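> Chains as they are written, first to last, in UniProt numbering: chain A, 1 to 211; chain B, 1 to 211; chain C, 1 to 211; chain D, 1 to 211. The C-beta atom is built at its ideal place from N, Cα and C for all residues, glycine as well. Every value quoted in this text rests on a predicted model; they were computed, and no experiment measured them.
4 protein chains.
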Amino acid sequence: MARGWWSGGAQRGDAARLEAFSDGVLAIAITLLILEVRVEPEEGESLAHALGHAMPQIVAYAASFLQIGIMWANHHALFRTVRQVDQILLLANLLLLGFVSFLPLPTRLVAEHTAGADGRTAMLLYGGTLTACAVMFNAIWWRLERAGLLLESIDAAFRRDVGIRYVIGVFGYLVATLLCLIAPWLTLLATALLALVFVLGPSPRPATAAL
Amino acid sequence: MARGWWSGGAQRGDAARLEAFSDGVLAIAITLLILEVRVEPEEGESLAHALGHAMPQIVAYAASFLQIGIMWANHHALFRTVRQVDQILLLANLLLLGFVSFLPLPTRLVAEHTAGADGRTAMLLYGGTLTACAVMFNAIWWRLERAGLLLESIDAAFRRDVGIRYVIGVFGYLVATLLCLIAPWLTLLATALLALVFVLGPSPRPATAAL
Amino acid sequence: MARGWWSGGAQRGDAARLEAFSDGVLAIAITLLILEVRVEPEEGESLAHALGHAMPQIVAYAASFLQIGIMWANHHALFRTVRQVDQILLLANLLLLGFVSFLPLPTRLVAEHTAGADGRTAMLLYGGTLTACAVMFNAIWWRLERAGLLLESIDAAFRRDVGIRYVIGVFGYLVATLLCLIAPWLTLLATALLALVFVLGPSPRPATAAL
Amino acid sequence: MARGWWSGGAQRGDAARLEAFSDGVLAIAITLLILEVRVEPEEGESLAHALGHAMPQIVAYAASFLQIGIMWANHHALFRTVRQVDQILLLANLLLLGFVSFLPLPTRLVAEHTAGADGRTAMLLYGGTLTACAVMFNAIWWRLERAGLLLESIDAAFRRDVGIRYVIGVFGYLVATLLCLIAPWLTLLATALLALVFVLGPSPRPATAAL
Chain A
1 MARGWWSGGA
11 QRGDAARLEA
21 FSDGVLAIAI
31 TLLILEVRVE
41 PEEGESLAHA
51 LGHAMPQIVA
61 YAASFLQIGI
71 MWANHHALFR
81 TVRQVDQILL
91 LANLLLLGFV
101 SFLPLPTRLV
111 AEHTAGADGR
121 TAMLLYGGTL
131 TACAVMFNAI
141 WWRLERAGLL
151 LESIDAAFRR
161 DVGIRYVIGV
171 FGYLVATLLC
181 LIAPWLTLLA
191 TALLALVFVL
201 GPSPRPATAA
211 L
Chain B
1 MARGWWSGGA
11 QRGDAARLEA
21 FSDGVLAIAI
31 TLLILEVRVE
41 PEEGESLAHA
51 LGHAMPQIVA
61 YAASFLQIGI
71 MWANHHALFR
81 TVRQVDQILL
91 LANLLLLGFV
101 SFLPLPTRLV
111 AEHTAGADGR
121 TAMLLYGGTL
131 TACAVMFNAI
141 WWRLERAGLL
151 LESIDAAFRR
161 DVGIRYVIGV
171 FGYLVATLLC
181 LIAPWLTLLA
191 TALLALVFVL
201 GPSPRPATAA
211 L
Chain C
1 MARGWWSGGA
11 QRGDAARLEA
21 FSDGVLAIAI
31 TLLILEVRVE
41 PEEGESLAHA
51 LGHAMPQIVA
61 YAASFLQIGI
71 MWANHHALFR
81 TVRQVDQILL
91 LANLLLLGFV
101 SFLPLPTRLV
111 AEHTAGADGR
121 TAMLLYGGTL
131 TACAVMFNAI
141 WWRLERAGLL
151 LESIDAAFRR
161 DVGIRYVIGV
171 FGYLVATLLC
181 LIAPWLTLLA
191 TALLALVFVL
201 GPSPRPATAA
211 L
Chain D
1 MARGWWSGGA
11 QRGDAARLEA
21 FSDGVLAIAI
31 TLLILEVRVE
41 PEEGESLAHA
51 LGHAMPQIVA
61 YAASFLQIGI
71 MWANHHALFR
81 TVRQVDQILL
91 LANLLLLGFV
101 SFLPLPTRLV
111 AEHTAGADGR
121 TAMLLYGGTL
131 TACAVMFNAI
141 WWRLERAGLL
151 LESIDAAFRR
161 DVGIRYVIGV
171 FGYLVATLLC
181 LIAPWLTLLA
191 TALLALVFVL
201 GPSPRPATAA
211 L
């Protein structure tokens, strides 16, 4: 594949702009989530009661807010290792952003359909979308490694750690998604725990201070 | 807790990116508010009359616009003191952004339910959300101080002043919230005054020009 | 008034962040406009016919897009003259952003009410919002001049030219608004022409290349 | 035309800000698309079934996400060649952003009207909007060349290649639009292929590493 218009020249600046664009999309997706939460008391119902009924919506809002927020942190950490971008990386990143931007839809479905077959369908779509995001993080990392787009200061041990971490992510989200076959709320809980482990747990040490 | 991937290396850049992401979320939340204001004349009603009826919505819009705008200013002033970020700070900031992004929902409820028990419920949620934001500002400051994440140029007097300021904020918003038990509009007025005092009133002097 | 937390220290950086936040709000407000345009054919109506009926909505969309786009350009040009910000300037800028963010509401009303008394009411609100923006540009400029917040390279001739320009803007938008008393579409046309004159017409020359 | 307020002074900074504003608008437009996708099962319909019915909406979402994402990449690549901006360029760029921001409307119509005369009308509007974007890219390039706004390092061969590329774009999108007269889905497929060719295919090499 031809190295194209996009990838020529001041590549570090390109990575910065790709990150800025991604930050914008993530910030918007996370903030749009609340637009889906609707609290409208029915005839004769008190607002306090209606808020109680809206709890599934508010829980789903909080869960997706956490997921996108932590994906942002991961995305930022990932792009700090990038020396250069190419068109394949651009497309992989665009797919990742597409799945994140898609999340408000399954979030709304999860809030509206909490039980039975529809509850399972909604959770499969929700967990599936998060799993697709985890797959795209792998794809981005794979492209960075294979096409030599990483900063030279990134050493082999760090690469191996990050690679393992991302593969675990895919399997973790896949298992969390399948838990909805037992009970839908298990998927919500498991994906939230996974996100917290990713941000609070041990993580690969950067090789150098210059990273 | 392990110092992780996120917190390694060029930390000042991390603080800048965290602030940029936060700015994005705040800018979006403040701009989305207007989407909740709906002016739809009923059969035979004039538009001028319908606009008169929409005044509670427009007042609520203006009040929340002011709150988010001044929170942005405070957030920016706060992050100018940051030398480095860690995962706890990241999560605390994410929680703050979550409460701010949540604000369009109570804003709409406050506009739709202006009297009686529902008016109180709506104002409790509105004031409670603002109080939660004030609590998170405290949590962020607490983490900055305890984990040694502040710039070295920040002196003890400045720290004490900021700490007191944030604690006063929590109590101020809590009292303002409880005023809705007397009359809902008192909460709207008191929170607006609090915000104006925070931006126009005396404030801790930065210790150095380099701050 | 005490020079506060906000205004201390690296002021040029503050101006840059205030501009970045404003850019975010303006970019979001301009992009949200399309959400108000709804094309829903009635029973038995063709889509082509429904699109024809939606022309007032599309014209209003285009007009507001132009207004916000050119306000962005003006805002950027204005902030290039800023050396330092203070709390009053911050509040004045927040008010300006509040009026711009409000614009989607009158834009929708103008599209829905095109004739008669309601058409006039809608246009008064639309033109009034744009006039309020012009007033806030004056307020910002006034604060910049009186509080000595301008870059030192800004000379007296430039100041005078900008001041006159902004005062003309207020009167121009005021007259354009009142034209709706003759016919609503005159306001839409006149405000669009005003915006084009502001961006394409002669303008004060910056005093120095370093501006 | 007078060289105005906007264009004086530190022009490279102006290009950067114009690009940042454009990035914001593009990031918002791409993220708003999902708000138009509505999955609401009818009485007695399962969610899985309703999701099946929503496939045209989801395909349209994915197609427009791809278009805006690749337009962002092109816009960024284009603005890397800019030395300076003027008011005409500003207006041309604003028109481009206006057409991109308009895209959520035809995207929704394409999802709702998939067959017959209405399907053709929707696709004509969708393809026509994309063609208008391609025309505006030409207009921006034309202004950059004619008004001497390009970086001096951009050589003649590069200019010729880019010029040809943009003209091909217009004709490509025009032909893709007209394909809807055979079958609406052909337009969706052809415009998606065009976008992929633009990002993955051969492209003009930048003349220098400093580009």
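#1: Distance, Cα to Cα, L33 of chain C vs Y126 of chain C?
#2: Taking 8 Å as the CB-CB cut-off, is P184 of chain A touching chain D?
#3: Helix, strand or coil for L150 of chain C? Go by DSSP, reduced to three states.
#4: Just reading off the alpha helix (DSSP H) that H75 of chain D is part of, what are its end residues?
#5: What does S46 of chain B touch in chain C if you count any residue whose Cβ is under 8 Å from its own?
#6: Mind checking the stretch 43-74 of chain C against chain F and listing, in chain order, the residues whose C-beta falls within less than 8 Å of any C-beta there?
#7: Apart from the five residues just before and just after L149 of chain D, which ones in its own chain have a Cβ nearer than 8 Å to its Cβ?
#8: Against chain D, with Cβ distances strictly below 8 Å, would Q11 of chain C count as a contact?
#9: Contact criterion: CB-CB distance below 8 Å. Does H113 of chain D meet it with respect to chain A?
#10: Closest by CA to L91 of chain A, which one among D:G98, D:I68, D:L103 and D:E112?
#11: Quick one: list the residues of chain D neighbouring P104 of chain A, beta-carbon separation under 8 Å, in chain order.
#12: Can you find a C-beta in chain C that's less than 8 Å from the C-beta of residue 219 of chain B?
#13: Between A15 of chain B and the rest of its own chain, which residues show a CB-CB distance below 8 Å, the 5 nearest in sequence each way excluded?
#14: Between which residues of its own chain and L97 of chain C is the CB-CB distance below 7 Å, once the five residues before and five after are set aside?
#15: Restricting to runs no shorter than 4 residues, where is the alpha helix (DSSP H) found entirely within the stretch 79-167 of chain B?
#16: Measuring only the C-alpha atoms, how far is T31 of chain C from H113 of chain D?
#17: Between D:H49, D:T191, D:G128 and D:V167, which lies nearest to W117 of chain A when the distance is taken from Cα to Cα?
#18: Report, in whole angstroms, the separation of the C-beta atoms of A29 of chain C and V100 of chain C, which I expect to be a contact under 8 Å.
#19: CB V162 of chain A to CB W141 of chain A, shorter than 8 Å?
#20: I'd like the list of long-range same chain contacts for A195 of chain A, defined as Cβ closer than 6 Å, with 5 residues on each side in sequence excluded.
#21: Below 8 Å on the Cβ atoms is my contact criterion, and I expect V107 of chain A with S64 of chain A to pass it. Report the Cβ-Cβ distance as a whole number of Å.
#22: Rounded to whole angstroms, how far is the Cβ of L47 of chain C from the Cβ of L109 of chain D, which I believe are closer than 8 Å?
#23: Where R160 of chain B and S153 of chain B are concerned, what is the direct C-alpha to C-alpha distance, given to the nearest angstrom?
#24: Return the CA-CA distance between I58 of chain D and N93 of chain A, expressed in angstroms with no decimal places.
#25: Does L105 of chain A pass the burial test, meaning 16 or more other C-beta atoms within 10 Å, or should it be called exposed?
#26: Select from B:A115, B:L18, B:E19 and B:A157 the residue whose C-alpha is nearest the C-alpha of A183 of chain B.
#27: Please report the straight-line C-alpha distance between P178 of chain B and E19 of chain C, rounded to a whole angstrom.
#28: Report all residues from its chain with a CB closer than 6 Å to the CB of F137 of chain D; omit the five preceding and five following residues, and keep chain order.
#29: Can you grab the Cα-Cα spacing for the pair A139 of chain D / V170 of chain D, in whole Å?
#30: At the level of alpha carbons, what is the spacing between R12 of chain D and A60 of chain B?
#31: Can you give me the C-alpha to C-alpha distance between A73 of chain D and V199 of chain D, rounded to a whole angstrom?
#32: State the Cα-Cα distance for the pair A39 of chain B and R38 of chain C, rounded to the nearest angstrom.
#33: Spatial neighbours of A192 of chain C within its chain, please: C-beta separation below 7 Å, excluding the five flanking residues on both sides.
#34: Kindly list, in the order they appear in chain A, the residues whose Cβ is closer than 8 Å to that of D23 of chain D.
#35: Can you give me the C-alpha to C-alpha distance between R17 of chain C and H75 of chain C, rounded to a whole angstrom?
Checking against the coordinates, here is how it stands:
#1: 14 Å
#2: no
#3: strand
#4: M55 to F79
#5: A117, D118 and T121
#6: Included in the structure are the protein chains A, B, C and D, with no chain F among them.
#7: V82, R83, Q84, V85, D86, L89 and R143
#8: The pLDDT assigned to Q11 of chain C is 46, lower than 50, so where the model puts this residue is not dependable, and the model offers no usable value.
#9: no
#10: D:I68
#11: I34 and L35
#12: Any property of residue 219 of chain B remains undetermined from this structure, which presents chain B solely from 1 to 211.
#13: F79, V82, R83, Q84 and V85
#14: S22 and V25
#15: 87-102, 104-112 and 116-146
#16: 24 Å
#17: Just to set this straight, residue 117 of chain A is Ala in the shown sequence, not Trp. That would be D:H49, whose Cα lies nearest to the Cα of A117 of chain A.
#18: 5 Å
#19: yes
#20: L66, Q67 and I70
#21: Here residue 107 of chain A is Thr; the residue named in the question, Val, does not match the sequence. At roughly 4 Å, the Cβ-Cβ gap stays under 8 Å, so T107 of chain A and S64 of chain A are in contact.
#22: 7 Å
#23: 14 Å
#24: 19 Å
#25: buried
#26: B:A115
#27: Checking the sequence, you will find Leu at residue 178 of chain B rather than Pro. Going from the Cα of L178 of chain B to the Cα of E19 of chain C covers about 36 Å.
#28: Y166
#29: 11 Å
#30: Because the pLDDT at R12 of chain D is just 49, under 50, the model does not fix this residue reliably, and the point stays unresolved.
#31: 8 Å
#32: In the sequence under discussion, the amino acid at residue 39 of chain B is Val, which differs from the Ala named in the question. Roughly 16 Å separates the two Cα atoms.
#33: A63 and L66
#34: R17, A20, F21 and G24
#35: 13 Å
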